[in-house]
Amino acid sequence: MTGLYQDIVLNRTRHPLHAGKPVRFEAQATASSPICGDRVRVYLSPAGMDVHHEAEGCAIMAASADLMASAVLGKNPEMVREISKNFTRVVTTGEADPSLGELNALAGVSEFPSRIGCATLPWRALEEALANV
Amino acid sequence: MTGLYQDIVLNRTRHPLHAGKPVRFEAQATASSPICGDRVRVYLSPAGMDVHHEAEGCAIMAASADLMASAVLGKNPEMVREISKNFTRVVTTGEADPSLGELNALAGVSEFPSRIGCATLPWRALEEALANV
Amino acid sequence: MQTDFAALREDFPILRQKVHGKDLVFLDSAASAQKPRAVIDAMVHVMEAQYANVHRGLHYMSEKTSDAYEAVRDKIAVFINAGSRDEIVFTRNATESINLVAYSWGRSALAPGDAVAVTEMEHHANLVPWQMLRDAHGTELRIIKITDTGEIDWESLEQVFADGRVKLLAVTQMSNVLGTYTPVERLARFAHAHGAKILIDGCQAVVHRRIDMHATDADFFVFSGHKLYGPTGIGVLYAKAEILDAMPPFMGGGDMIASVSYEKSTWAKPPYRFEAGTPAIIETIGLGAAIDYVTGIGLDAIAVHEQTLTEHALAVLPGVAGLRILGAAQDRGGVISFVMKDAHAHDIATLLDRQGIAVRAGHHCAEPLMGRLGVTSTARASFGLYTTLAEIDALAKGLERVGKIFA
Amino acid sequence: MQTDFAALREDFPILRQKVHGKDLVFLDSAASAQKPRAVIDAMVHVMEAQYANVHRGLHYMSEKTSDAYEAVRDKIAVFINAGSRDEIVFTRNATESINLVAYSWGRSALAPGDAVAVTEMEHHANLVPWQMLRDAHGTELRIIKITDTGEIDWESLEQVFADGRVKLLAVTQMSNVLGTYTPVERLARFAHAHGAKILIDGCQAVVHRRIDMHATDADFFVFSGHKLYGPTGIGVLYAKAEILDAMPPFMGGGDMIASVSYEKSTWAKPPYRFEAGTPAIIETIGLGAAIDYVTGIGLDAIAVHEQTLTEHALAVLPGVAGLRILGAAQDRGGVISFVMKDAHAHDIATLLDRQGIAVRAGHHCAEPLMGRLGVTSTARASFGLYTTLAEIDALAKGLERVGKIFA
Ligand SMILES: Cc1ncc(COP(=O)(O)O)c(C=O)c1O
Ligand SMILES: Cc1ncc(COP(=O)(O)O)c(C=O)c1O
């Protein structure tokens, strides 16, 4: 059980660091899962890759959104896409990627195939926001 | 095998006694089976209950049409309906009915449920012709 | 004589399975029920000993298979107390049954401007077909409100019918989210008094209660085999004979015709008019076995057993910290939706699953109802005849653990 | 390595049955094929060990069942060499597949005045839906003639397409009456060159030959599971991705939506857009086992085996006094229709049945073709991978006896 709901995940769900709509942002995008009704909106200021989010859904998705915002802070778009790719590999294979730091807390999702989409949903929103810049 | 295709049945199929469209008749009716494509038309002169038929279909149906014409000859409508009812019982139960004479040759149909409709098809046409008088 | 429901569990091979090393506690029967040995055996028997295509064969295998297939029609007519076997149409599932009505009856008996009324607690299967009819055919779609307890709001019903333009009331007999039973006899009388027909979505109700078309006076009634302990791939549409007689075919093909020529084809009589192509032969016979199985136990005994389960669940679940049950209908059955203060429904389902407990989470194909309830999803536990009080206690205990993780 | 087809009979439990005290000689596989142990076992396994409703479950049983169900989509995509799994839509049977195309694509992509062309040798399943489309939507229905040998009359084909109004050619790949294979690659090129799409009714062909969507360049392809040694209740529609993408839904309900609100619902992507309600889960998994079974043997090996059977039948049957085989196509497979001078087809079927031999008699859901052939019905023997040369000899002998009775 702890494989999925690690403390770091639960903490980020309860006490997110990047939640809420910021006063200023340049792009936004929403992603939602028709299957489960999860929905997340991300707000993006590309300078400094500052991301905020409004996540309505399960703990995995909410934690993933917040961990994502931390992970991309200060990166450039190319690096973000690289991280996104690596993160998807981690949550599908379950193998941690040293370069990803705290994002590895979600590696346990790989054991729950129907929840992988929860973990990657915020990343889909972020990619769309980047495309909207 | 002989239970179904008795000589009397095969004879009536090959050499019917009442086949063909008569010059004069008062009523006619057609019955057909959508399932197998069998079709029979009967021509009726109610005086003397003179019945002719044009049967297109299997041996059972053709023999039944001809045996029917013989059986009803000279009877009144009420008697015809009685014979029809008894005949249906014979072909569904397989028990001969002494009052039916040669019609009992078709009792073997009862063993072939999908063929009962072949045996009764001419009777459906005759009943409709009687109603058309 | 008291039925020993615990012993009946032996009839369901799957209940002996372990999940994640734990005993399987299957509380997702409202989505689809598990299958008893009798159903499995009946299907195997068809395939091993008595199979051929039906209806047109003059050979032994085809005749016997046709007889077995058609016997199920009689069985269903008796099971739901229909007036005649010809009122029973075989479909894939309840969803197809409703679409059949929307396409065939909807597009022929309804005129643009006529209205179809549904309630706020319908499954998408009893909503989307009427939306599609609206968009294609110009009928109106009206929504009857439910109360906060999850029951039909009679005032809203009367308003919806007030102008006399509603020609069909399409309503569930038991909500797959709230467990609410609707008063279908009363609704049928109401609809008929207002010149409307009634379609009853019996998907959930047929599993838990004795169904009676004669008493209900339903015009249309639909259900699926797979929720009734039968196979997938087989559903039923009941409709009154005189309504079916007037309906044009839905799909065209073999078996539904009287005669075919290029210029004009003529249609077979109901029910065959609505059954195009090779039917779900093996599955229909499997459904027959399922009906024999539940009638063997007795729907009344099943109803009593499940009422006990439901009352127990309604007693113990609210004891779980932070848990809220949705709906509070007077007449409700073994389908219970709930939310928890800090845990999202998906997290609840995943965490219960690790303890061997299967519940469903999501909108349960009732998105508009989620909006009405002010949630985006719920967790749902639902019971079958094989469910035990101990399983409900296991659920409560599992939920306590979930609560602790998110506390 | 030579496949031992006689040994494969052991895989089909039903072939050990006696009929009227005689060994069963099952020559009615074109109507529906018998089921191998592997298919029966796969279905039993689902029901005994791994069952729950698919797609929306977050628990173990639902996830595993969804995986097994969706894996069959991949399997079918490989089996018919489709471009992608998303081009595979599950239906009840080929009949529903064609109706789906007629309702969804026909009513959206075709305009009144456009024409649909079919041949004189179509099954009602590939004729009646286009008649219904004509009558409801104002499209035209055109008939392509066949030659006396039972092959497509190319001159007629060109005439039918001459004015450029034909937008769909709907054609069988193998006649269920005459056994004729049609040159589908050539027909697809012809249709495409004339601005039309092609729908191929692969019901019969898929059982006997390797099918290749890429090579054929079909726009639509349909078949049924039950003729391919699989369960009833499951069929397939293949359509090119860009065509499916543009098609509106056929039936509405659960699983085919992206979002639902009273005002407006949005549709899921293909293939799910076309799969409303609980699918035929058990049957789909059974079909997967059937495909594994035939690909394990090899479609090419099956084709060779059946070609031997067909040639043998075409050699010995004409030796029966008074027997006439219908059709004489160059490229033909194991479906043989015949009539006898003095014996009606039904009498033939009944008399053969008493000898344990199952053949079909009637119009084979191809009434207009009967008219073209100048008969009202035929008897039909059809072969499967389990058919033996000895069974064909038994048929010939049985027919001799029938001839004697009616001589
Ligand atoms: C050529 C052909 N097309 C279509 C069909 C219809 O198949 P189904 O009844 O499985 O829908 C059949 C089978 O009878 C067939 O032989
Ligand atoms: C109330 C209700 N109606 C309709 C349906 C649709 O049933 P099916 O998916 O078997 O067509 C369901 C099942 O999900 C249901 O619970």
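In order, the protein sequence lines correspond to chains A, B, C and D.
Per this note's numbering, residue 121 is the first one in the first sequence, and the count goes up by one each step.
Per this note's numbering, residue 121 is the first one in the second sequence, and the count goes up by one each step.
Per this note's numbering, residue 11 is the first one in the third sequence, and the count goes up by one each step.
Per this note's numbering, residue 11 is the first one in the fourth sequence, and the count goes up by one each step.
Positions of the beta carbon are idealized from the N, C-alpha and C atoms, including for glycine.
By the criterion of Cβ-Cβ separation under 9 angstroms, what are the contact partners of residue i in chain B?
i	result
Gly306 of chain D	The premise fails here: Gly306 of chain D is roughly 36 angstroms from chain B at the closest Cβ pair, so nothing lies under 9 angstroms.
Leu68 of chain C	Cys156, Phe232, Ser234, Arg235
Residue i to residue j, Cα distance in whole Å?
i	j	result
Asn91 of chain C	Lys45 of chain C	24 angstroms
Thr192 of chain C	Val56 of chain D	34 angstroms
Gly221 of chain A	Met181 of chain A	18 angstroms
Glu293 of chain D	Met53 of chain C	11 angstroms
Arg144 of chain B	Pro242 of chain B	20 angstroms
Gly212 of chain C	Val330 of chain C	32 angstroms
Thr436 of chain C	Leu68 of chain D	Outside the displayed span of chain C (11 to 417) sits residue 436 of chain C, for which this structure offers no information.
Ser39 of chain D	Cys375 of chain D	15 angstroms
Lys205 of chain B	Leu223 of chain B	12 angstroms
Leu297 of chain C	Tyr239 of chain C	8 angstroms
Ala406 of chain D	Gly237 of chain B	28 angstroms
Gly174 of chain D	Glu377 of chain D	28 angstroms
Thr133 of chain A	Phe232 of chain A	18 angstroms
Ala256 of chain C	Thr150 of chain B	24 angstroms
His315 of chain C	Arg220 of chain C	13 angstroms
Leu137 of chain B	Ile415 of chain D	20 angstroms
Leu324 of chain D	Leu188 of chain D	12 angstroms
Thr397 of chain D	Pro289 of chain C	25 angstroms
Ile307 of chain C	Leu395 of chain C	10 angstroms
Ser152 of chain B	Ile98 of chain D	41 angstroms
Leu274 of chain D	Ser234 of chain A	Rather than Leu, the amino acid found at residue 274 of chain D in this sequence is Lys. Those two C-alpha atoms are separated by around 27 angstroms.
Ser269 of chain D	Trp277 of chain D	7 angstroms
Val171 of chain A	Leu187 of chain A	11 angstroms
Cys156 of chain B	Tyr70 of chain D	50 angstroms
Thr226 of chain D	Asp302 of chain C	48 angstroms
Ala210 of chain C	His218 of chain C	The identity of residue 210 of chain C in the sequence shown is Ile, whereas the question assumes Ala. Roughly 15 angstroms separates the two Cα atoms.
Tell me residue i's beta-bridge partners as DSSP assigns them.
i	result
Leu247 of chain C	C:Val99, C:Val232
Lys32 of chain C	C:Val29
Thr190 of chain C	C:Arg342
Ile162 of chain C	C:Ile156
Ser275 of chain D	D:Val270
Thr133 of chain B	DSSP, once it has assigned bridges, lists no residue as partnering Thr133 of chain B.
Asp38 of chain C	C:Ser392
Glu150 of chain C	C:Ala125
Could you name the residues of chain A that residue i contacts, counting a contact when the two beta carbons are closer than 7 angstroms?
i	result
Glu73 of chain D	Pro233, Ser234
Taking residue i as the query, report the chain C residues whose CB atoms sit under 9 angstroms from its CB, ordered along the chain.
i	result
Pro154 of chain B	Ile267, Ala268, Ser269, Thr276, Ala278
Leu137 of chain D	Gly262, Gly263, Val270, Tyr272, Ser275
Leu151 of chain D	Tyr272
Who are the neighbours of residue i on chain D, taking C-beta pairs under 8 angstroms?
i	result
Glu176 of chain B	Thr386
Taking C-beta pairs closer than 9 angstroms, name the residues in chain A that residue i reaches, listed in chain order.
i	result
His236 of chain C	Here the premise fails: no neighbours, minimum Cβ distance about 20 angstroms.
Give the residues of chain A in contact with residue i, contact being defined as C-beta atoms less than 8 angstroms apart.
i	result
Asp357 of chain C	Tyr125, Cys178, Ala179, Ile180
Name, please, each residue of chain C whose Cβ falls closer than 7 angstroms to the Cβ of residue i.
i	result
Pro241 of chain D	Ile292
Thr360 of chain D	Leu68
Could you tell me which chain D residues have their CB closer than 9 angstroms to the CB of residue i, listed as they occur along the chain?
i	result
Thr397 of chain C	Going along chain D, no residue has its Cβ under 9 angstroms from Thr397 of chain C, so there is no contact; the nearest lies around 15 angstroms.
Mind listing the chain D neighbours of residue i? Cutoff is C-beta to C-beta under 7 angstroms, in chain order.
i	result
Pro281 of chain C	Per Cβ cutoff of 7 angstroms: no residues; Pro281 of chain C is ~16 angstroms from chain D at best.
**Prompt:** In chain order, which continuous runs of the beta strand (DSSP E) of length 3 or greater are located wholly inside the segment 323-394 of chain D?
**Reply:** 333-335, 345-350, 370-372, 388-392
Note to self: Please give the ranges of any beta strand (DSSP E) in the segment 153-218 of chain A, keeping only runs that are unbroken, at least 3 residues long and fully inside the region.
What the structure shows: 159-165, 170-176
- Sequence ranges, alpha helix (DSSP H) only - wholly within the segment 193-223 of chain C, length at least 4: 194-203, 215-218
Margin query: At 3 residues or longer, what runs of the beta strand (DSSP E) sit wholly inside the segment 55-102 of chain D?
Written below: 98-101
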